[in-house]
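Trainee: Numbering (the UniProt record's numbering), first residue to last: 1 to 96.
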Amino acid sequence: MAEHLSQSELDYPFKLLEYFNGFRVSKVIFSACELGVFDLLLKSQEAMSAQHVAQELGTSVDGMERLLDALVGIEILEVERAEGTGEEGDNLHSLQ
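(1) Any chance you could list the alpha helix (DSSP H) runs of at least 4 consecutive residues sitting entirely within the segment 45-73, in chain order?
(2) Hey, how far is the Cα of F30 from the Cα of S6?
(3) Three or more C-beta pairs under 8 Å: does that hold for the segment 19-39 against the segment 71-81?
(4) Should the segment 57-68 be regarded as contacting the segment 13-27, the criterion being three or more beta carbon pairs within less than 8 Å?
(5) Quick one: grab the DSSP three-state call for S6.
(6) Assuming E80 and A47 are in contact, meaning their beta carbons sit under 8 Å apart, how far apart are those beta carbons, in whole angstroms?
(7) Does the distance from the C-beta atom of L92 to that of S44 stay below 7 Å?
(8) Leaving aside the five residues before and after F38 along the sequence, list all residues of the same chain whose C-beta is less than 8 Å from its C-beta, in chain order.
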């Protein structure tokens with residue numbers, strides 16, 4: 001059956017996935033802007049843990065960890081492991 005499909009028909013599912021991923025990226029950036037994540041990190045001028053960011057912005061720690069991890073994944077933030085800890089929540093996030 002696939003041998004009878006045109007190249008554009010074969011590419012269609014990948015194009016949809018590309019659009020979905022683009023929407024997710026824009027939603028992550030928009031959410032971070034709305035919450036003031038970038039303003040806080042810029043103002044602090046030092047790396048911050050998700051717990052500290054969540055506390056400063058009045059959000060849940062779990063949600064902030066997910067948001068910051070997404071921003072790291074799309075290469076907007078950098079992450080470094082805090083010295084002497086093995087806990088993922090102790091990662092420090094900063095602007096690139």
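Every residue gets a Cβ at the ideal spot worked out from N, C-alpha and C, and that includes glycine.
Mentor: Here's the rundown:
(1) 50-57 and 61-73
(2) Mapped onto the sequence shown, residue 30 falls at position 30. Mapped onto the sequence shown, residue 6 falls at position 6. When rounded, the distance between both Cα atoms is 37 Å.
(3) Contact between the segment 19-39 and the segment 71-81 is present: three or more C-beta pairs spanning the two stretches fall below 8 Å.
(4) no
(5) Looking up residue 6 in the sequence shown gives position 6. Looking at S6 - three-state DSSP - the assignment turns out to be coil, as it is neither helix nor strand.
(6) On the sequence shown, position 80 is the one that residue 80 refers to. On the sequence shown, position 47 is the one that residue 47 refers to. The pair is a contact, with the Cβ atoms about 6 Å apart (cut-off 8 Å).
(7) Counting from one through the sequence shown, the residue named residue 92 turns up at place 92. Counting from one through the sequence shown, the residue named residue 44 turns up at place 44. Their beta carbons are not under 7 Å apart, which means L92 does not touch S44 by this criterion.
(8) The count along the sequence shown starts at 1 and reaches residue 38 at position 38. So the list reads A32 and L95, once near-sequence residues are dropped.
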